[in-house]
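The next block holds one structure in the form of structure tokens; read it before the comments.
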Amino acid sequence: MTTQTFILELPIKADDSQSRTISKKFEYGRMLYNATLGSGLGRLTQMRQDPEWRCACEMSKGKERNELFRRLNRQYRLTEYDFHSDIARHREGTKRKSELGICEAQKLATQAFNAVSRYMFKQGGRPRFKSFKRGLHSLEGKTNTTGLKFKPEKMLLDWCRKTYQVMLDPEDTYALEALYADKERTKFKRIKYNRIVCRNIKGVKRFYLQVVLEGTPPVKHAYAPASERMAIDPGPKAFAVFCPRVQAKVQIAPQAKVNEKAIRRIQRSMDRSLRAKNPNAFDEKGRIKPGVSLAYSKGYQARLTKLREAHRKVAGTRKCEHGELANLLLECAGNIRIEKNSWEAFKRSHFGRSINNSAASGFIQKLKSKAERAGLTVEEVSPYRLKPSQYDPYKDEFVKKALGERWMYLGDESTVIQRDIMSAILIYFADLKNQTHNPEVVKTNLEGLKRGLTDAGYVKHLKLPRSSGSKDPLFAPEPKALTTEELRSKCFRVDSDRHSSTINGTDGKAVGWSETFPLTGELFRDSVLSSVSARGAS
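Just so we're on the same page, the numbering used here is the position in the sequence shown counted from 1, plus 17.
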């Protein structure tokens, strides 16, 4: 039975000699991986030339076909344990087995087996060998008793008879709470296995130890109960968020922007250096000749390091902003509904750069993983049945809109609402069981929402009648999306900053509330009362 697992990452304090030793182990692991992968691909080619395998491919799907494929896999040694045997044989033949434990080698064999399996079942392309320049980025063991062994009482990593100091800040309360099983700090949590990760930071290799611990990670944020709901309408670089606490558009990763001009300058400089170093490697049209081995100057290597560092900084910033926004949303609601989008379709259209900068799909995956660990839910809503961006609750019909049409009418032509905010509202009040909308509930609650949305700029009241030469208000510019800090200040304002209003709690007494909860109607009132009682109980 599998148990809950979380990872604690700690830096390794390694001098130049120790760094070279670890780098040699990574290079040795790369050689073992390539040898095992090559053996597996060769046997796969032989199996595909077998007439019996071709007959199995032509058979209809069923138990007989599956049993025949399994027998062929065993015959041509294409099981995971056969890959383990291959890498053990390669490890014995190199006379360097003391540099890498058998558990780490078997994990590399499992990676090679998974790559061949994806290729065999047409779930991926032909697996590639690990090059010397890129190498391996991580090595991991199976247990904490052989191979990679972490001793938390001494903060030492024991790896193949060599020890390395692991750094831990004594004031890092999160790391200490993650390592210890009790508050008195007398007993450590069970360590399942360990992993060493290599990162290139400013041209220097840095090594980190990832300790895979049993249990749940320490609580750093107080998340909302599962009874509080939120709806999100995702976009390429901004999400429309609607919940009782806040209604706004928020940017996913506003600081994670690639400096395209600087990247282009570095790439052009690298191209000039490559052509100057290899004048005979290009044809008359400037293309690289096939089969030519290129030489790289020291200047080229320095520019390549600069290019990698630029991308690394952007990726790190994006990861931090994703985590901050995910924590903030889960602090507001524990039951999140989000529209399911095809991000590949966004990439194929003219949103490729926005998707590259914000990584919206990666943010949704992080939000799901955080919610799952906290016992909360993130439910994806199919857009094909509900069509929230097309539905008009006042007409109870679906109306297709142009991409630049960022507003929609609220009943008559005197009031317009921002299109993405309206989609989030429709997702919030939708009946997901029957995949239908609740137009009456939406219209009732929109009356109470108008004041707050007007103050935020998401609802506009138009002057009628409009002149014949005036612009279409549905194509007017929309308000700028908020950053994570701006959204946090809006979510957690003090009571004196809010418009006071009262509702009756579960005990019949008046409960002070805010006009950030201006909705009316039985459905929303029940959710508000349940959130009030949940907060009072906590």
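C-beta: ideal position from N, C-alpha, C; glycine also.
Exercise. Pick helix, strand or coil for residue 108, following the three-state DSSP scheme.
Key: Helix at residue 108.
Quiz item: When the Cα atoms are used, what is the spatial distance from residue 159 to residue 337?
Solution: Inter-residue distance for residue 159 and residue 337 is about 29 angstroms (C-alpha atoms, whole angstroms).
Practice problem: Counting only the same chain and skipping the five closest in sequence on each side, list residues whose C-beta sits under 6 angstroms from that of residue 175. | Solution: Same-chain partners within the cutoff: 166.
Quiz prompt | For residue 425, three-class secondary structure by DSSP | solution = Looking at residue 425 - three-state DSSP - the assignment turns out to be strand.
Quiz item: Mind pulling the alpha helix (DSSP H) runs of 4 or more residues that sit fully within the region 338-392?
Solution: DSSP runs (the alpha helix (DSSP H)) wholly in the region 338-392: 360-365, 369-375, 377-390.
Quiz item: Counting only runs that start and end within the region 472-506, where is the beta strand (DSSP E) found for 3 or more residues in a row?
Solution: Fully enclosed beta strand (DSSP E) runs of 3 or longer: 476-478.
Quiz item: With C-beta atoms as the reference, is residue 57 less than 8 angstroms away from residue 130?
Solution: Yes, Cβ-Cβ distance for residue 57 and residue 130 is below 8 angstroms.
Exercise. Name the two residues that bound the continuous alpha helix (DSSP H) containing residue 56.
Key: Note, residue 56: alpha helix (DSSP H), 33-65.
Quiz item: Are there three or more Cβ pairs, one per stretch, closer than 8 angstroms when the region 22-35 is compared with the region 219-231?
Solution: Touching, per the Cβ criterion.
Quiz item: To the nearest whole angstrom, what separates the beta carbons of residue 436 and residue 414, a pair I think is in contact under 8 angstroms?
Solution: Taking C-beta atoms under 8 angstroms as the contact rule, residue 436 and residue 414 fail to qualify, at a distance of about 16 angstroms.
Quiz item: So, helix, strand or coil for residue 525, using DSSP?
Solution: For residue 525, the predicted model reports a pLDDT of 36, less than 50, meaning its position is unreliable and no value from the coordinates is stated.
Quiz item: On the three-pair Cβ rule with 8 angstroms, is the region 245-264 touching the region 341-355?
Solution: Cβ pair count under 8 angstroms is three or more, so yes.
Quiz item: Quick one: is residue 260 buried, meaning 16 or more other Cβ sit within 10 Å of its Cβ, or exposed?
Solution: Counting every other CB atom within 10 Å of its CB across the protein chains shown gives residue 260 a total of 16 or more, marking it as buried.
Quiz item: residue 180: buried (16+ other C-beta within 10 angstroms of its C-beta) or exposed?
Solution: Around the beta carbon of residue 180, fewer than 16 other beta carbons sit within 10 angstroms, so the residue counts as exposed.
Self-check item: Under the three-state DSSP convention, the category residue 304 falls into
Solution: Annotated three-state conformation of residue 304 is coil, per DSSP.
Quiz item: Cβ of residue 50 within 8 angstroms of Cβ of residue 264?
Solution: For the 8 angstroms CB-CB criterion, residue 50 and residue 264 do not form a contact.
Self-check item: Near the ligand ATP: residue 236 beta-carbon under 7 angstroms from a heavy atom
Solution: Looking at this structure, you won't find the ligand ATP or any other ligand, since it has none at all.
Self-check item: Among 74, 452, 54, 371, nearest to residue 254 - alpha-carbon criterion
Solution: Residue 254 has its Cα closest to that of 371, out of 74, 452, 54, 371.
Quiz prompt | First through last residue of the alpha helix (DSSP H) which encompasses residue 209 | solution = The continuous stretches of alpha helix (DSSP H) do not include residue 209, which lies in the beta strand (DSSP E) extending over residues 208-218.
Exercise. Determine the burial state of residue 311: buried for a count of at least 16 other Cβ atoms within 10 Å of its Cβ, exposed for fewer.
Key: With fewer than 16 Cβ atoms within 10 Å of its Cβ, residue 311 is classed as exposed.
Quiz prompt | residue 247 - partner residues in DSSP beta bridges | solution = Looking at the DSSP output, residue 247 sits in a beta bridge with 353.
Quiz item: Would you report the Cα separation of residue 192 and residue 441, rounded to the nearest angstrom?
Solution: Between residue 192 and residue 441, the alpha-carbon positions lie close to 38 angstroms from each other.
Quiz prompt | DSSP state of residue 183 mapped onto helix, strand, coil | solution = Correct three-state label for residue 183: strand.
Quiz item: When DSSP labels each residue in this structure, what does residue 512 get in the three-state scheme?
Solution: Confidence is the limiting factor: at residue 512 the pLDDT is only 43, short of 50, which leaves the residue's position unreliable, though a coordinate-based value still follows. Looking at residue 512 - three-state DSSP - the assignment turns out to be helix.
Quiz item: Quick one: what's got a C-beta closer than 8 angstroms to residue 218's C-beta in the same chain, skipping five residues either side?
Solution: So the qualifying residues of the chain are 326, 329.
Exercise. Reducing DSSP to helix, strand and coil, say where residue 263 ends up.
Key: Three-state DSSP puts residue 263 in coil, outside helix and strand.
Practice problem: Specify, as a first and last residue, the run of the beta strand (DSSP E) that residue 5 falls within. | Solution: There is simply no residue 5 to check, as the chain begins at 18 and stops at 555 in what is shown.
Quiz item: Which of the three DSSP states, helix, strand or coil, is assigned to residue 534?
Solution: Residue placement at residue 534 is poorly supported in this model, since its pLDDT is 40, which falls under 50; the coordinates still yield a value, given next. Here residue 534 sits in coil by DSSP.
Quiz prompt | Segment limits, alpha helix (DSSP H) that includes residue 136 | solution = Here the alpha helix (DSSP H) through residue 136 covers 119-137.
Quiz prompt | Identified DSSP bridge partners for residue 223 | solution = DSSP output for residue 223 lists 216 as bridge partner(s).
Quiz item: Just how far apart, CA to CA, sit residue 16 and residue 148?
Solution: Summary: the structure shown does not reach residue 16, with the chain confined to residues 18 through 555, and so no result is reported for it.
Quiz item: Which residues in the same chain have their Cβ closer than 8 angstroms to the Cβ of residue 231, if we skip the five residues on either side of it in sequence?
Solution: 20, 21, 22, 206, 207, 208, 209.
Exercise. Can you have a look at residue 339 and say buried or exposed, based on whether 16 or more other CB atoms are within 10 angstroms of its CB?
Key: That one is buried.
Quiz item: Going by beta carbon distance, what residues of the same chain come within less than 8 angstroms of residue 613, once the five residues before and after it are set aside?
Solution: Nothing about residue 613 can be reported from this structure: the residues present for the chain run from 18 to 555 only.
Quiz item: In terms of alpha-carbon separation, which member of 348, 308, 155, 135 lies closest to residue 506?
Solution: It is 348.
Self-check item: Simplified DSSP state of residue 102, which is helix, strand or coil
Solution: In the three-state scheme derived from DSSP, where H, G and I count as helix and E and B as strand, residue 102 is classed as helix.
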